[in-house]
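Residue numbers (my numbering), protein chains in the order written: chain A, 1 to 232; chain F, 233 to 464.
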């Protein structure tokens with residue numbers, strides 16, 4: 001551990017899936033000697049699926065951090081086109097000890113040019129888009145490649161957070177936090193992955209996604225184009 | 233399903249453990265035809281472990297609901313002594329189709345006189361306090377007794393929410409939401425229950441609780457005394 005507080009920045013934004021953020025936040029904020037900052041593109045209120053997170057800082061006002069964590073969500077691919085936000089994620093990520101994301105947050109890391117040649121997790125339904133940013137999709141629930149730690153879809157953020165806690169604070173700390181938050185999951189159904197979900201649930205979910213998929217794909221392609229243009 | 237929207241009220245308060253609330257909220261807000269209301273004792277901002285949830289309604293302004301859900305947290309036993317809050321929880325609970333809680337939220341339901349003779353879950357470390365309210369502690373992760381559905385500590389709220397979704401919207405809906413939120417947990421450690429945690433983690437957690445336990449116990453005893461006095 002460094003002498004200054006271990007600074008964790010959650011880079012959140014309107015339209016994220018809030019559990020991508022609150023799950024890891026609940027666990028990581030129990031890291032002794034840490035300083036947790038919630039930041040967003042404009043600062044202030046961030047609306048997410050009916051919740052309002054108030055008092056966030058402007059991402060551009062954060063000087064540096066030890067770990068940056070970017071959640072995913074319905075707006076993630078649109079946010080990948082927010083040039084200013086992406087530039088701040090890149091700036092903070094390049095200087096951080098750990099670059100992390102949950103769910104489709106990895107598409108934002110990708111758009112920021114932080115995943116070239118790196119393995120990364122993503123929500124199962126959107127993982128196929130990672131190669132557009134030069135990243136290597138990995139179907140692990142928690143994926144580590146060097147200083148990049150990424151979690152799969154939404155609830156994977158909790159498993160991800162335990163892995164991060166163990167990495168930074170040690171296994172015993174992670175286990176003690178796990179005990180305090182009683183994380184001994186017992187899902188009543190085994191439908192959390194496309195390989196195990198009933199065909200009817202898979203069809204229902206695919207149906208819900210069908211109308212957003214062309215737009216999201218187009219957004220990722222444009223973000224990838226900009227990334228490539230910036231490097232050329 | 234009734235013709236009006238199925239109204240879900242989360243009765244939150246400063247000092248709750250936010251994941252007790254955000255976990256179930258993320259799942260339950262995907263119930264088609266539902267209306268989700270976030271309410272608190274005073275309305276407005278609710279501070280919880282570094283997060284600020286803005287724009288909450290005053291609990292006293294909510295006319296009725298189909299389901300009330302009360303999270304737990306460090307301040308739960310103090311909140312059990314907030315006479316006005318407890319009265320509102322009781323009022324809404326008595327008229328609701330479902331009375332629910334996560335973690336030590338069941339101590340608040342107990343203080344509101346809603347658990348007499350009923351089985352209920354609670355965070356493992358505080359479950360022993362339930363009998364002071366005439367409730368029957370149950371070590372299940374999700375416990376149902378009639379119209380009362382309760383979850384164990386913190387992360388149990390996700391398993392609880394899936395059970396609630398299945399009850400209200402059917403198993404297929406619950407499974408589709410589970411797939412969308414990729415809930416196929418894979419904890420890196422098996423330390424989430426006192427029976428499985430390493431002795432060192434159990435000792436560390438007990439050490440952290442030692443200084444708050446006398447106060448919390450005293451608060452629950454006083455809440456139970458008031459409940460008994462109100463009934464005499």
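Where is the CB? At the ideal position from N, CA and C, for every residue including glycine.
Query                                                                                                                                                                   : Result
Which of helix, strand or coil does DSSP assign to residue 54 of chain A?                                                                                               : strand
Residue 377 of chain F touches chain A at which residues, Cβ-Cβ below 9 Å?                                                                                              : Per Cβ cutoff of 9 Å: no residues; residue 377 of chain F is ~17 Å from chain A at best.
Which class does residue 322 of chain F belong to by DSSP, given the choice of helix, strand or coil?                                                                   : helix
So is residue 183 of chain A in contact with chain F if we call contact Cβ pairs under 8 Å?                                                                             : yes
Whose CA, out of F:447, F:332 and F:240, lies closest to the CA of residue 350 of chain F?                                                                              : F:332
Identify the contact partners of residue 41 of chain A in chain F, using a Cβ-Cβ distance below 8 Å as the criterion.                                                   : Those within 8 Å of residue 41 of chain A in chain F number zero; the least Cβ separation is about 17 Å.
Which residues in chain A sit within 7 Å of residue 386 of chain F, going by Cβ to Cβ distance?                                                                         : 181 and 182
Name, in chain order, the residues that DSSP records as bridge partners for residue 245 of chain F.                                                                     : BP columns for residue 245 of chain F are empty, so no partner.
Per DSSP, residue 69 of chain A is paired with what?                                                                                                                    : A:10 and A:100
Give me the Cα-Cα distance between residue 12 of chain A and residue 68 of chain A, rounded to the nearest whole angstrom.                                              : 10 Å
Helix, strand or coil: how does DSSP classify residue 37 of chain A here?                                                                                               : strand
If we call anything under 8 Å between Cβ atoms a contact, is residue 263 of chain F one with residue 394 of chain F?                                                    : no
Would you mind reading off the limits of the beta strand (DSSP E) that contains residue 173 of chain A?                                                                 : Not the beta strand (DSSP E): residue 173 of chain A falls in the alpha helix (DSSP H), residues 171–180.
Checking contacts by CB at 8 Å: is residue 445 of chain F closer than that to chain A?                                                                                  : no
Residues in the same chain with beta-carbon distance under 7 Å from residue 457 of chain F, minus the five sequence neighbours each way, listed in chain order, please. : none
With a threshold of 8 Å between beta-carbons, can residue 233 of chain F be considered close to chain A, or not?                                                        : Summary for residue 233 of chain F: the model assigns pLDDT 46, below 50, so the residue's position carries little reliability, and this model does not support an answer.
Taking DSSP as the reference, what is the three-state secondary structure of residue 44 of chain A?                                                                     : strand
Could you give the uninterrupted runs of the alpha helix (DSSP H) lying entirely in the segment 430–454 of chain F, keeping only those of 4 residues or more?           : 431–442
Taking residue 253 of chain F as the reference, give the member of F:414, F:443, F:391 and F:369 with the closest Cα.                                                   : F:391
With a threshold of 8 Å between beta carbons, is residue 64 of chain A in contact with chain F?                                                                         : no
Please name the residue, chosen from A:157, A:133, A:134 and A:132, that lies closest to residue 143 of chain A on a Cα-to-Cα basis.                                    : A:157
Spatial neighbours of residue 359 of chain F within its chain, please: C-beta separation below 6 Å, excluding the five flanking residues on both sides.                 : 369
Output yes if chain F places a C-beta closer than 8 Å to the C-beta of residue 166 of chain A; else output no.                                                          : yes
Can you give me, in chain order, the residues of the segment 97–128 of chain A that have a beta carbon less than 7 Å from any beta carbon in chain F?                   : 123 and 124
Taking a Cβ distance cut-off of 8 Å, strictly less, list which residues of the segment 425–441 of chain F are near chain A, in chain order.                             : 425, 426, 428, 429, 430, 432, 433, 434, 436, 437 and 440
Please tell me whether residue 261 of chain F has its Cβ less than 8 Å away from any Cβ of chain C.                                                                     : Among the chains of the structure shown, chain C does not appear; the protein chains present are A and F.
Relative to the C-alpha of residue 287 of chain F, which candidate in A:61, A:48 and A:57 has its C-alpha closest?                                                      : A:48
Report, in whole angstroms, the separation of the C-beta atoms of residue 19 of chain A and residue 255 of chain F, which I expect to be a contact under 8 Å.           : 6 Å
Does the CB of residue 420 of chain F have a neighbour CB from chain A at under 8 Å?                                                                                    : yes
Would DSSP call residue 157 of chain A helix, strand or coil?                                                                                                           : helix
So with CB distances below 8 Å, who are the chain A contacts of residue 451 of chain F?                                                                                 : Ordered by position in chain A, no residue passes the 8 Å Cβ test against residue 451 of chain F, which lies about 19 Å from the chain.
Would you kindly work out how many angstroms separate the C-alpha atoms of residue 305 of chain F and residue 175 of chain A, rounded to a whole number?                : 19 Å
From residue 433 of chain F to residue 420 of chain F, what does the alpha carbon distance come to, in whole angstroms?                                                 : 15 Å
Under three-state DSSP, which class holds residue 137 of chain A?                                                                                                       : strand
Output yes or no for whether 8 Å exceeds the beta carbon distance between residue 79 of chain A and residue 112 of chain A.                                             : no
How would you list, in chain order, the residues of chain A whose beta-carbon sits under 8 Å from the beta-carbon of residue 255 of chain F?                            : 19, 22 and 23
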